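Q: I'd like to ask you about the structure that follows.
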Amino acid sequence: MKLLDLLFERSARHVADTTSRRKLLGRLGSLMIAGAALPVLLPIDRTSKALAADKPMAGDPGDPNSCDYWRYCSVDGFLCSCCGGSVNACPPGTEASQVTWIGTCRNPADGKDYIISYNDCCGKHSCNQCACTRNDSEEPAYRPFNNNDVNWCLAAKSHIYHCTVSVIRGVAI
Amino acid sequence: MRITRILAQTTLALGVSLAGAHSALAELPADTGIGQTVLPFPPSPHRAYMVDVEFDNFVTGRVVVVDPDQKRFLGMVSTGFAAPSTLSRDGKLLYTADLFYSRGTRGTRTDVLTAWDTSKLAPEWEVVIPSKRAESLTQRFGLSTSADDRFVYVYNFTPSTSITVVDTQAKAVTSEIAIPGCVLSYPVGKRRIASLCGDGSIQLLTLGDDGKETARTQTKFFDPNAEKLVERGVNVGDTFYFTTTTGTVYTLDLSGKEAKILPTWSLVNDEEKKAGWAPGGWQLLAVAPKLNRLYVLMHDAHEAMKWEDPSNTIWAFDLKTQKKVGTLSTEGAPIWSLQATSDDNPLLLGINVGGGMDIFDLKSGKYTGTMEKLHKTATQILSH
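Dropping the structure here:
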């Protein structure tokens, strides 16, 4: 899901990400790993738990209200954390669709690749806050479960798209 | 008080003089009523239909109809939830596959194929279709017609994939054909539909005149583990062109019973590849059939994650020699999707991410201007 007028802004930010901020985050991650102060694995979140993930926690660095947060590496839509929900909770009165697609993102804190599911929250129209489009691990439509151009409200009662959460499902092997 | 009197006198004098000037003109007659604009038929080959999903709303969308020569807004149609759209081959109808909820964002879902008259921009007829049509950013082969306009093919994604076949004569659904593992409905000739499959093959379905499947074949096409082939290809008749995200062009000849894979070629030479050039965008390819040229949105300093990013640079290729023959560029907001018209003096139209449509005359190779503030989040342009 994309928002064209913000895509341009996102592209500019994307350039900034890839040339400076992301590298900085990457370096920061490496430094932290060198310090060996971090847990090896992050806990596996579940959508049914409304975790307060809006504040950075150890091993999960970055700002979930910002498109350059590491879990958003393949998100395409509005960030639920800006829409009254959180990185892994739907906003009030919207329904999570459990059928979804997945991406793989590297956590700069531990350098590991995580499987992230980008579930859509549905039943109200576009939240229209924090549009974010990143296609780091996206595949074309013939691999639909790796494609973010699809409306993934497919398993919700109403398929009207509101926003997207980014849920850690495990470490990629 | 004195000031008030002077002001009143001046105003009176001015009123008298203006009344004098007016009396020299005949009074306007009352209008005879309110007119109803109808667009000419046949439509100009340059008429463009911009499909806008309006992502900041995403309950309704629109198809905006414009005249790129006069740079005029001609009208629009209202569509339901990211509606795939296509034109009939005879130019008379615009089809949209609309999705509506009875309570706007909730309630009972109804999906219809709506046929709009391209002159009146009003619904001519509709058929209720299974509530399965794909919900995604709209693209060229989510909805298509048979070459004789008899059937319309609606691509479904639930996430099981299938195609709903609508008979435009009977105005009824004739069948739903499962296409497991494959996506989209690339129309081929009068009775065939191609789909791109996750294992890298191309599937070709054949229909009978009753709109039901009579045969299917699958042919190995590309290696999806080695490269990403962008599904948003273009075609001239039954020849389809695709590019990979690194710029290898794959050509399919689908005119026979089985798909024929033609030799691949590259958009970039070694030097350009080294310099970081690669294609990218949403509808990143366009073809002008009368010039036999392919137009491609190109990125410098390309990275894999930018395969759907917009660009200000378009490269032109001669499809016969497969050589680059020119570069077009803009300086405003970058372009996300392309469409070339099919006439002898074609235009290239680009959707820029600033809400405008960029226009190029392809005979002269010149940028002729931009229509600003036309769309919110348009994904594709259709032309006759």
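Line order of the protein sequences matches chains A and B. Just so you know, the numbering used here puts 158 at position 158 of the first sequence, and the rest follows in order with no gaps. Just so you know, the numbering used here puts 1037 at position 37 of the second sequence, and the rest follows in order with no gaps. Even glycine gets a Cβ: it sits at the ideal position worked out from N, Cα and C. This one's a predicted model, so the numbers in the text were calculated from it and none came from an experiment.
(1) Does the Cβ of Ser1311(B) have 16 or more other Cβ atoms within 10 Å, making it buried, or fewer, making it exposed?
(2) Is the beta carbon of Thr100(A) within less than 7 Å of some heavy atom of the ligand MG?
(3) Going by C-alpha distance, which of Gly1332(B), Pro1159(B), Val1287(B), Pro1224(B) is nearest Gly1198(B)?
(4) Would you mind working out which of Ala1259(B), Lys1212(B), Ser1119(B), Lys1092(B) sits nearest Val1188(B), comparing C-alpha positions?
(5) Sort out for me which residues DSSP pairs Ile192(A) with in a bridge.
(6) Keeping to the same chain, check which residues put their C-beta closer than 8 Å to that of Asn1156(B); ignore five residues upstream and five downstream.
(7) Work out the CA separation of Pro108(A) and Leu25(A) for me, nearest whole Å.
(8) Alpha carbon to alpha carbon, how far is Tyr69(A) from Ser1136(B)?
(9) What is the rounded straight-line gap between the Cα of Val1353(B) and the Cα of Thr1368(B)?
(10) Within 8 Å, do at least three Cβ pairs link the segment 1176-1186 of chain B to the segment 1196-1213 of chain B?
(11) Using CA coordinates, which residue listed in Ile1335(B), Arg1109(B), Lys1212(B), Asp1358(B) is at the minimum distance from Leu154(A)?
(12) Assuming Lys1228(B) contacts Thr1244(B) under a Cβ cut-off of 8 Å, what Cβ separation, rounded to an integer in Å, is found between them?
(13) Which of the residues in the segment 1110-1124 of chain B, read from start to end, lie with their CB under 8 Å from any CB of chain A?
(14) Report all residues from its chain with a CB closer than 8 Å to the CB of Thr1060(B); omit the five preceding and five following residues, and keep chain order.
(15) I'd like to know whether the C-beta atoms of Leu1285(B) and Gly1233(B) end up nearer to each other than 8 Å.
(16) Take the Cβ of Asp60(A) as the centre, count every other Cβ of all protein chains shown within 10 Å, and call the residue buried at 16 or more, exposed below.
(17) Where Asp1209(B) and Gln1169(B) are concerned, what is the direct C-alpha to C-alpha distance, given to the nearest angstrom?
(18) If we define contact as Cβ-Cβ less than 8 Å, is Phe1317(B) a contact residue for chain A?
(19) Among residues of its own chain, excluding the 5 on either side of Thr1377(B), which ones have a beta-carbon nearer than 8 Å to its beta-carbon?
(20) Using Cβ-Cβ distances below 8 Å, what residues of the segment 1227-1249 of chain B are close to chain A?
(21) Would Val1154(B) and Thr1145(B) qualify as a contact pair, given that the criterion is a beta-carbon distance under 8 Å?
(22) When the Cβ atoms of the segment 116-127 of chain A are set against those of the segment 156-171 of chain A, are three or more pairs found closer than 8 Å?
(23) Could you work out which residues of chain A lie near Val1382(B), taking near to mean beta carbons separated by less than 7 Å?
(24) Give me the residue from Ala58(A), Ile168(A), Ala172(A) with the minimum Cα distance to Tyr72(A).
(25) Find the nearest neighbour of Lys1212(B) within the set Arg1072(B), Asp1167(B), Leu1262(B), judged by alpha-carbon distance.
(26) For Arg1140(B), which residues in the same chain have their Cβ closer than 7 Å to its Cβ, ignoring the five residues on either side in sequence?
(27) Taking the alpha carbon of Ile116(A) as the reference point, which residue from Asp76(A), Met57(A), His125(A) has its own alpha carbon closest?
(28) Give the range of the alpha helix (DSSP H) segment to which Lys1366(B) is assigned.
(29) By the DSSP assignment, the alpha helix (DSSP H) with Asp1270(B) in it spans what residues?
(30) Tell me which residues of the segment 126-141 of chain A have at least one Cβ-Cβ distance to chain B shorter than 9 Å, keeping chain order.
(31) Assuming Arg1140(B) is part of the beta strand (DSSP E), what are its boundary residues?
(32) To which residues of the same chain is Lys1171(B) closer than 6 Å at the C-beta, ignoring the five residues directly before and after it?
(33) Taking the straight line between their C-alpha atoms, what separation do you get for Lys1071(B) and Tyr1049(B)?
(34) Should Asn119(A) be flagged as near chain B, meaning a C-beta pair shorter than 8 Å?
(35) Which of the residues in the segment 1033-1061 of chain B, read from start to end, lie with their CB under 7 Å from any CB of chain A?
(36) Measuring alpha carbon to alpha carbon, tell me which of Gly62(A), Ser74(A), Asp110(A), Gly93(A) ends up nearest Lys157(A).
A: Based on what the coordinates show:
(1) Counting other Cβ atoms within 10 Å of its Cβ, Ser1311(B) reaches 16 or more and is therefore classed as buried.
(2) The ligand MG is not part of this structure, which contains no ligands at all.
(3) Gly1198(B) has its Cα closest to that of Pro1224(B), out of Gly1332(B), Pro1159(B), Val1287(B), Pro1224(B).
(4) That would be Ala1259(B), whose Cα lies nearest to the Cα of Val1188(B).
(5) Since the first residue shown for chain A is 1 and the last is 173, residue 192(A) is missing from the structure and cannot be characterised.
(6) Counting only residues of its own chain and dropping the five nearest sequence neighbours on each side, Asn1156(B) has a CB closer than 8 Å to the CB of Pro1130, Lys1132, Arg1133, Ala1134, Ser1162, Ile1163, Thr1164, Glu1176.
(7) Only weak support exists for where Leu25(A) lies, its pLDDT of 32 falling under 50; the coordinates are left without a value.
(8) Approximately 25 Å between the Cα atoms of the pair.
(9) Val1353(B) and Thr1368(B) have their alpha carbons spaced roughly 18 Å apart.
(10) Inter-segment contact for the segment 1196-1213 of chain B and the segment 1176-1186 of chain B is present: three or more beta-carbon pairs are separated by less than 8 Å.
(11) Selection Ile1335(B), Arg1109(B), Lys1212(B), Asp1358(B) evaluated against Leu154(A) yields Arg1109(B) as nearest (Cα-Cα).
(12) Right, their Cβ atoms sit about 6 Å apart.
(13) Taking a C-beta cut-off of 8 Å against chain A, none of the residues of the segment 1110-1124 of chain B qualify.
(14) Excluding positions up to five away in sequence, the list reads Glu1054, Ser1078, Thr1079, Gly1080, Phe1081.
(15) By the CB criterion at 8 Å, Leu1285(B) and Gly1233(B) fall inside the cutoff.
(16) The C-beta of Asp60(A) has 16 or more other C-beta atoms within 10 Å across all chains shown, which makes the residue buried.
(17) One alpha carbon belongs to Asp1209(B), the other to Gln1169(B), and they sit about 11 Å apart.
(18) Chain A places no beta carbon closer than 8 Å to that of Phe1317(B), leaving this residue out of the contacts.
(19) Asp1052, Val1053, Glu1054, Phe1055, Asp1056, listed in sequence order.
(20) Within the segment 1227-1249 of chain B, the qualifying residues are Lys1228, Leu1229, Val1230, Glu1231.
(21) In terms of Cβ geometry, Val1154(B) and Thr1145(B) do not form a close pair [threshold 8 Å].
(22) With contact defined as three or more Cβ pairs closer than 8 Å, the segment 116-127 of chain A and the segment 156-171 of chain A are in contact.
(23) For the record, residue 1382(B) in the displayed sequence is Leu; it is not Val. What Leu1382(B) touches in chain A: nothing, since even the nearest Cβ is about 17 Å away.
(24) Among Ala58(A), Ile168(A), Ala172(A), the Cα nearest to that of Tyr72(A) belongs to Ile168(A).
(25) With distances taken between CA atoms, Lys1212(B) lies nearest to Asp1167(B) out of Arg1072(B), Asp1167(B), Leu1262(B).
(26) Excluding residues within five positions, the ones whose Cβ falls inside 7 Å are Arg1232, Gln1283, Gln1380.
(27) For Ile116(A), the nearest C-alpha among the options comes from Asp76(A).
(28) Per DSSP, Lys1366(B) belongs to no alpha helix (DSSP H); it is in the beta strand (DSSP E), 1366-1371.
(29) Here the alpha helix (DSSP H) through Asp1270(B) covers 1270-1274.
(30) Identification of residues in the segment 126-141 of chain A having a C-beta nearer than 9 Å to some C-beta of chain B yields Ser126, Asn128, Ala131, Thr133, Arg134, Asn135, Asp136, Ser137, Glu138, Glu139, Pro140, Ala141, given in sequence order.
(31) Premise fails: Arg1140(B) is in no beta strand (DSSP E) and is neither H nor E.
(32) Contacts found: Trp1125, Val1127.
(33) Going from the Cα of Lys1071(B) to the Cα of Tyr1049(B) covers about 13 Å.
(34) It does not: the Cβ of Asn119(A) has no partner Cβ on chain B nearer than 8 Å.
(35) For the segment 1033-1061 of chain B, which is checked against every Cβ of chain A, the residues closer than 7 Å are Phe1055, Asp1056, Asn1057, Phe1058, Val1059.
(36) Comparing Cα-Cα distances from Lys157(A) to each of Gly62(A), Ser74(A), Asp110(A), Gly93(A), the minimum goes to Gly93(A).
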